[in-house]
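The next block holds one structure in the form of structure tokens; read it before the comments.
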Amino acid sequence: MTTARTAAPGDAVRLSGLSKTYGSFTAVHPLDLAVPAGSFFALLGASGCGKTTTLRMIAGLEDPTAGSVALGGQDVTALPPYKRPVNTVFQNYALFPHLDIYENVAFGLRRRGIKSVKQQVGDMLDLVQLGGLARRKPHQLSGGQQQRVAVARALINKPEVLLLDEPLGALDLKLRRQMQLELKRIQTEVGITFIHVTHDQEEAMTMADTVAVMNAGRVEQLGAPADLYENPGSTFVANFLGTSNLIEAEVTGTSGGDVHLVAAGQRLTLPAARCAAEATAGGTVLAGVRPEKIALAHRDDEDAIPEGRNRVPGRIVDSSFIGVSTQYVIDSPVCPELEVFVPNVERDGRLVPGAPVVLHWNPAHTFGLDAAQDIDAGLDADAEEAAHLPAAPGRGGAGKDSAAKDGTAAEAAV
Amino acid sequence: MQTRPMRWLRRNVVVIAGVLALGYLILPNLVVLAFSFNKPKGRYNYTWNHFSTDAWQHPCGVADMCGSLTLSLRLAVYATIGATVLGTMTAFALARYRFRGRAATNMLIFLPMAMPEVVMGASLGTLFLNMRIRFGFWTILIAHIMFCLSFVVVAVKARIMSMDPRLEQAAQDLYATPAQTFLRITLPLAAPGIAAGALLSFALSFDDYIITSFNAGSTVTFPMFVWGSAQRGTPVQVNVIGTAMFVVAVLLVVAGQLVGGRRRGARS
Chain R
1 MTTARTAAPG
11 DAVRLSGLSK
21 TYGSFTAVHP
31 LDLAVPAGSF
41 FALLGASGCG
51 KTTTLRMIAG
61 LEDPTAGSVA
71 LGGQDVTALP
81 PYKRPVNTVF
91 QNYALFPHLD
101 IYENVAFGLR
111 RRGIKSVKQQ
121 VGDMLDLVQL
131 GGLARRKPHQ
141 LSGGQQQRVA
151 VARALINKPE
161 VLLLDEPLGA
171 LDLKLRRQMQ
181 LELKRIQTEV
191 GITFIHVTHD
201 QEEAMTMADT
211 VAVMNAGRVE
221 QLGAPADLYE
231 NPGSTFVANF
241 LGTSNLIEAE
251 VTGTSGGDVH
261 LVAAGQRLTL
271 PAARCAAEAT
281 AGGTVLAGVR
291 PEKIALAHRD
301 DEDAIPEGRN
311 RVPGRIVDSS
321 FIGVSTQYVI
331 DSPVCPELEV
341 FVPNVERDGR
351 LVPGAPVVLH
361 WNPAHTFGLD
371 AAQDIDAGLD
381 ADAEEAAHLP
391 AAPGRGGAGK
401 DSAAKDGTAA
411 EAAV
Chain F
1 MQTRPMRWLR
11 RNVVVIAGVL
21 ALGYLILPNL
31 VVLAFSFNKP
41 KGRYNYTWNH
51 FSTDAWQHPC
61 GVADMCGSLT
71 LSLRLAVYAT
81 IGATVLGTMT
91 AFALARYRFR
101 GRAATNMLIF
111 LPMAMPEVVM
121 GASLGTLFLN
131 MRIRFGFWTI
141 LIAHIMFCLS
151 FVVVAVKARI
161 MSMDPRLEQA
171 AQDLYATPAQ
181 TFLRITLPLA
191 APGIAAGALL
201 SFALSFDDYI
211 ITSFNAGSTV
221 TFPMFVWGSA
231 QRGTPVQVNV
241 IGTAMFVVAV
251 LLVVAGQLVG
261 GRRRGARS
């Protein structure tokens, strides 16, 4: 466990046309996905998007309706879970309540007929910093400690892939942050491929090398966190990952790699390379910009704004001070609710609700999306997830398996 | 303003209620205990005569009594084993699988608990009679397993339903075959339910009179012996056996509490 394994060439996991349907409900549409060995891969999406079902199909806990799962180049679709070289960290951990921590961690080794487990269990408990608690029972540990036991219990088997199903969902915010870093450290240390399922976009972006954003049983977009954030390919990704201001605009023409737009009489420019939609003169696109890229000037100072920047007039509706920045909501002719995050470096006392302002930003920070989609897609996804989380860890979901839960949540969301 | 006795009452009302309830439950047993040391004047052991340990020194001094006691214990052990094994399997089937007749089974399993024992005993007796099965040890055993079964199913099923199915999935994920998963995870987790069902079965079988009397023929179990001898005057030895059973039961409960208490103590 101490030496990091060199990443084997090729993919740790390859899904081909993998799908799952329950009666008339399609949980996962045919999915093709390759996860490179040694990477930290996140499946991100709201409740009911099929991410947990996908994970369970990789583990073998769910039979796919069609398609195949290959681990390290070997087709394992027909193998039962206990014959697959993967291990899972379950939501709410699923630690064996009648066994102590030591026996929980040793479980996988013992089942494979390994007699001398003491050294390995000891090393593993040290790795997750639980050396002194070997003889405690799971219920005697705190949530964060239980989480670490669940990780240790899975990792000790040196699986080809470690699957994590919302492993931090039951922890409070501070502990979650701490465990995110901890998991990232462990992954770097052992070099095993991690597939992490989560609904928390911040968590996915902090931890993963690659994020696949899932929505309604499909992968909506896949890429490095920064890439997804800067260049969302759909309104769902734009709204689900962070906050986006989306402005419906008409295309007036293109020149020298720029797309020229007009929205409510305001001229805007967008780099053609960052436009995910086809931009033909006379058509409509959604021009998007992140709130932190926008600068705010009082209307009186409009002349001081340099040429060549996208600018939009408006009026401050609401402002909230949150320490590092101030968040403004702006009513503007192009959009009734534009969000702007201004870092608190030099605060302009005139920027109070009711003040006339001009928003301006570098055109290079604008991205373009197809206007034919729902502009609000992915907006409520987080709130919905919170409502569907099991109330009590451990016993809450006793009757239902998580696949069924995904299903009912999706139906409830309709 | 409250007077002092009122305040004392308010503070101790729970304890008083507890002691009263305990007295109500234990008093009959204390009478049985006291009269096991009696040397009755005539045949009836209802009035105190004088202290003697005769009955305790010769517990089997009454003809046929210890024979019927052994029979009842044997019956209880077999019925417990039979009902626990069958009931546990039934509970797993009902809790885990969807099959034809599941709803009906689920409902019918409660029937022996809900039906008057006289009705059940009489109908079973009629059945055996019509099938020309000779009454005796085996007919009693079949009857006992039948009514104990429901209690085991109910106890075990409740336990299984409250178990997190992800624990078994976790075991399979950690390379346990279905058989290993059952032995290492499912069975240990269901054990408290199974134990409760078994204890209940033993107690129910050991002291059943009504159903047994319909299906016993000329065989005499301990409850039947006591009932029969009560007509002619209960021998003191019956009190001895009763007291012994009571003490054993209390010791079992205390031992259980101690084990549970130690486990709880280890938590802190």
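Residue numbers (full-length UniProt numbering), protein chains in the order written: chain R, 1 to 414; chain F, 1 to 268. Yeah, the Cβ is synthetic: ideal placement off N, Cα and C, and Gly gets one too. Quantities reported herein were computed from a predicted structural model and do not represent experimental measurements.
Contact annotation: in the stretch 145-173 of chain F, residues whose CB is within less than 8 Å of a CB in chain R are Met161, Ser162, Met163, Asp164, Pro165, Arg166, Leu167, Gln169, Ala170, Ala171, Gln172, Asp173.
Using a CB distance below 9 Å, the part of the stretch 74-103 of chain R facing chain F consists of Pro80, Pro81, Tyr82, Lys83, Arg84, Val86, Asn87, Thr88, Phe90, Gln91, Asn92, Tyr93, Ala94, Leu95, Phe96, Pro97, His98, Leu99, ordered along the chain.
For tryptophan 361 of chain R, the beta-bridge partners assigned by DSSP are R:Asn310. Inside the stretch 150-199 of chain F, DSSP marks whole alpha helix (DSSP H) runs of 4 or more residues at positions 165-173, 178-181, from first to last along the chain.
Annotated as distal: asparagine 231 of chain R and arginine 290 of chain R, with beta-carbon spacing of 8 Å or more. Going by DSSP, valine 237 of chain R is part of the alpha helix (DSSP H) stretching over 235-240. Judged by DSSP secondary structure, glutamine 180 of chain R falls within the alpha helix (DSSP H) whose first and last residues are 173-190. Non-local beta-carbon contacts of proline 223 of chain F in its own chain, meaning distances under 6 Å to residues more than five positions away in sequence, involve Asp207, Tyr209 in chain order. Residue environment analysis places valine 251 of chain R among the buried positions, since at least 16 neighbouring C-beta atoms fall within 10 angstroms of its C-beta. Across the set R:Gly242, R:Gly288, R:Asp32, R:Glu292, the C-alpha of R:Asp32 shows the shortest separation from the C-alpha of glycine 67 of chain R.
Per DSSP, reduced to three states, the secondary structure at valine 340 of chain R is strand.
Any Cβ of chain R closer than 8 Å to the Cβ of leucine 189 of chain F would place that residue at the interface, and such an atom is present.
Not a single C-beta of chain R is nearer than 8 Å to the C-beta of alanine 195 of chain F. The continuous beta strand (DSSP E) containing tyrosine 22 of chain R extends over residues 11-22. Annotated three-state conformation of glutamate 346 of chain R is coil, per DSSP. Counting along the chain, proline 28 of chain F sits inside the alpha helix (DSSP H) bounded by residues 4-35. For alanine 42 of chain R, the enclosing beta strand (DSSP E) starts and ends at 40-44. Residue burial annotation: leucine 111 of chain F is exposed, with fewer than 16 other C-beta atoms found within 10 angstroms of its C-beta. Cβ-Cβ distances below 8 Å link aspartate 376 of chain R to Thr235, Asn239 in the same chain, with the five nearest sequence neighbours on each side left out; the list follows chain order. Look at the stretch 49-63 of chain R: the residues with a C-beta under 9 Å from a C-beta of chain F are Arg56, Ala59, Gly60, Leu61. Chain-order list of chain F residues neighbouring arginine 112 of chain R: Tyr175, by C-beta distance under 7 Å.
Collapsing the DSSP output to three states places phenylalanine 99 of chain F in coil.
When DSSP states are grouped into helix, strand and coil, tyrosine 44 of chain F belongs to the coil group. For alanine 297 of chain R, the enclosing beta strand (DSSP E) has its first and last residue at 295-298. For glutamine 57 of chain F, none of the residues of chain R pass the 8 Å Cβ criterion, the least Cβ distance being about 46 Å. Neighbours of arginine 153 of chain R in chain F, taken as residues whose beta carbon is under 9 Å from its own, are Ala170, Leu174 in chain order. Listed in chain order, the non-local C-beta contacts of arginine 153 of chain R below 6 Å within the same chain comprise Asn104, Val105, local neighbours out to five positions each way being set aside.
By the Cβ-count criterion, histidine 144 of chain F is buried, with 16 or more other Cβ atoms from all chains shown falling within 10 Å of its own Cβ. Note on geometry: alpha-carbon atoms of histidine 50 of chain F and asparagine 38 of chain F lie some 6 Å from one another. When the Cα atoms are used, glycine 61 of chain F and glutamine 237 of chain F turn out to be separated by approximately 8 Å.
Going by DSSP, alanine 70 of chain R is part of the beta strand (DSSP E) stretching over 66-71. Note on the stretch 118-165 of chain R: whole beta strand (DSSP E) runs with a minimum of 3 residues are 161-165, in chain order. Interface with chain F (8 Å Cβ-Cβ cutoff): glycine 108 of chain R is included. Taking each of R:Lys158, R:Gln146, R:Lys174 in turn and checking the Cα distance to proline 167 of chain R, the smallest one comes out for R:Gln146. Looking at the DSSP output, glutamate 250 of chain R bridges to R:Val262, R:Thr284. Contact between serine 68 of chain F and valine 248 of chain F is ruled out by a C-beta separation of about 18 Å, above the 8 Å threshold.
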